[in-house]
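Quick notes on the structure that follows.
Residue numbers (this note's numbering): 52 to 92.
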């Protein structure tokens, strides 16, 4: 399921990095500092 605009904006700081994923190898890397960046695997 693709990440929606609302889901991307709702990605919150959790104290450690995590990566909610999209289909086709894209994921949103959310750093411990709260910085968000797109990555592709």
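We put the beta carbon where it would ideally sit given N, CA and C, even for glycine. None of the values given here were measured: they were computed from a predicted structure.
**Message:** Please report the straight-line C-alpha distance between residue 61 and residue 84, rounded to a whole angstrom.
**Reply:** If you number the chain shown from 1, residue 61 lands on position 10. If you number the chain shown from 1, residue 84 lands on position 33. Inter-residue distance for residue 61 and residue 84 is about 15 Å (C-alpha atoms, whole angstroms).
**Request:** Leaving aside the five residues before and after residue 92 along the sequence, list all residues of the same chain whose C-beta is less than 6 Å from its C-beta, in chain order.
**Result:** Position 41 of the chain shown, counted from the start, is the residue given in the question as residue 92. Excluding sequence positions up to five before and after residue 92, its CB lies within less than 6 Å of the CB of 76, all in the same chain and listed in chain order.
**Asked** I think residue 90 touches residue 78, with their Cβ atoms under 8 Å apart; what is that distance to the nearest whole Å?
**Response** As a first step, residue 90 is located in the chain shown; it is residue number 39 there, counting from the start. As a first step, residue 78 is located in the chain shown; it is residue number 27 there, counting from the start. Yes, residue 90 and residue 78 are in contact; Cβ-Cβ is about 6 Å, under 8 Å.
**Prompt:** Which residue or residues does DSSP assign as beta-bridge partners of residue 56?
**Reply:** By one-based count along the chain shown, residue 56 stands at place 5. In the DSSP secondary-structure assignment, residue 56 is not bridged to any residue.
**Cα-Cα separation between residue 81 and residue 53, rounded to whole angstroms** = The residue you call residue 81 lines up with position 30 of the chain shown. The residue you call residue 53 lines up with position 2 of the chain shown. Counting only the Cα atoms, residue 53 lies some 16 Å from residue 81.
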